[in-house]
Every structure is written in C-alpha cells, then in structure tokens.
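Written below as structure tokens is the structure these notes are about.
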Amino acid sequence: MIDPMFPKALVQTVRAGVQLLRPGVVAADPAPTGTARPLRPRAAAGLVPIRSVGPRERHRILAHLLALSQRDRYLRFGYAASDEQVQRYVDGLDFQRDEIFGIYNRRLEIIAMAHLAFAPTGQDGSCAEFGVSVSEHARGRGYGGRLFERAVMVARNEGVSMLFIHALSENTAMLKIARHAGATVVRSGSESEAHLELPAADFDSRMSGIALDQFGEVDFQLKARAHQFWSFLAGLQEVRSGVREARQRSAP
137 MIDPMFPKAL VQTVRAGVQL LRPGVVAADP APTGTARPLR PRAAAGLVPI RSVGPRERHR
197 ILAHLLALSQ RDRYLRFGYA ASDEQVQRYV DGLDFQRDEI FGIYNRRLEI IAMAHLAFAP
257 TGQDGSCAEF GVSVSEHARG RGYGGRLFER AVMVARNEGV SMLFIHALSE NTAMLKIARH
317 AGATVVRSGS ESEAHLELPA ADFDSRMSGI ALDQFGEVDF QLKARAHQFW SFLAGLQEVR
377 SGVREARQRS AP
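So in my numbering, the last spot in the sequence shown is 388, and the numbers never skip.
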C-alpha cells in the first residue's frame, strides 16, 4: 500500500509504468551460440526497479563496492582490490561515456550494480563491456541477470552490436548469466571471455528502455520520500524523548 503522503502524480506514473511494461523481457528460446536469445513476456510483477546511477552517487557506489568481501572483489575486478584501488576505480568512472545501473534497498543503498563500459571516443563504438557486483545478502534473487538484461537493452539502443564480458574462469555466476543469454564463452586458463551478438535496436527496445528508466526513477523517488519520512519521524521521537527526560529530571 502506497502512503497517501506521496504525490498522486508519482503513484499514477508507477501504475502507468507497470501497465506499459506488460510484457517485460527475459531470455527464452534457444538461439545460435553467441547471439542474444529471443525475448518473451515476463510478468510485470516480477520486474525489478533498476535505476541509472549518476556522478552525485559516487559515495553510494563506493559504499557498495567497499562492502564486498576480498573474495568478491577478486571476482569482480580480477584481482584482490584494496580499498585504495576501489576508490580509484570509483573516482575514474566516466558517467558521460558509460552507463552505471543500480538496484536500491529501502535505505537507498545500492545492493547490486552493473557497469556498462562503452568504447572511448575514436575507437570502435560497436562494442561494449559488462561488469556486475551484487551484495552478499542480496544474492539468489536474480539481480545479476536482471542487470545484464538491462545492459543488453541499453547497449542495443546505443548502437552496440557486440557485448563482452571478461571474467575469471572461477566466476561461475557471471559466466552462467552470459551462457544463459546465449553468449559464446571462451576459456583461457584462469580467465574467460564471453561475447554476445546483439540485434539492432527497434521500436520495442527503445520504448521498453524509456519505460524501464521511468519505472526505476519513480521507484527511487518513492523510496527516497519514505526514507525522509521515517528519518523525520525518528528525529521527532528523539526530540520527544529528550523533552520527556528533561521534564522527569526537573520534576520535584
């Protein structure tokens, strides 16, 4: 149930977005290896709000990555990244060129994040690379796969025809996502590379991209307003508690 304090416009937008997103997208029937599988409907109730993360949220990205265990950092970056190396990675993110996507909890913390890196200016713009990380407590919910689906859609709409994933061979979760999507995975010792051919953008992919962007943003704004409300309520209760204690101390 949505709190009546929330603006009616936001509520209407959420409802409209859910209707527009019927059907959703999910990998389905087999396709030639290395080519993105056909998409078929997914129930809107199963949608996960995914929001584009901007440069003002570097602190949230940093907090998410620093909370990863040494093992998880090793799988995400391909080496046991120290806190300083993670900081440099976050500081070096190019939000104008690349796309960063996040899944947020009710405290507005990023619990799953994907980095879709496009080729630098002057290089082949038909290729992009995908990387993902999911907080330990949020695993088993399919967030990595959902972020990959979103990255595929955005890459298509940006004119990318080949999506790459560089991962350690022991990163079975990431490679499973790639294989499920129909990617070709080539192993070379301790490292593996997956590549997925993407179909050209069409009307459906562009409209779905717009709808998903709006859905993710509205979800974030609703969570932000709820977070503000509960923070205000907690502060008010703290003030009341302080006043009550002061009265008790001054009572004869």
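Note that the Cβ used here is the ideal one computed from N, Cα and C, for glycine as well.
Item	Value
Exposed unless 16 or more other CB atoms sit within 10 angstroms - verdict on Ser218	exposed
Cβ pair Ala216, Tyr210 closer than 7 Å	yes
From Val296, Gln364, Gln223 and Val321, residue whose alpha carbon lies closest to that of Thr308	Val321
The region 184–193 touching the region 276–286, judged by at least three CB pairs closer than 8 Å	yes
Other residues of its chain near Asp81: CB distance less than 7 Å, five sequence neighbours each side excluded	As displayed, the chain neither begins before 137 nor continues past 388, which places residue 81 out of reach and without an answer.
Given Ala291 as reference, the closest of His273, Ala274 and Phe266 once Cα atoms are compared	Phe266
Contact under 7 Å by Cβ, Ile236 with Ile247	no
Whole-angstrom distance between Met343 and Gly228, CA atom to CA atom	31 Å
Host alpha helix (DSSP H) of His316 (start-end)	Thr308 to His316
Cutoff 6 Å; reference Met249; Cβ partners in own chain excluding five residues on either side	His200, Gly238 and Ser269
Continuous beta strand (DSSP E) stretch holding Tyr215: start and end	Run containing Tyr215: none; DSSP gives neither H nor E here.
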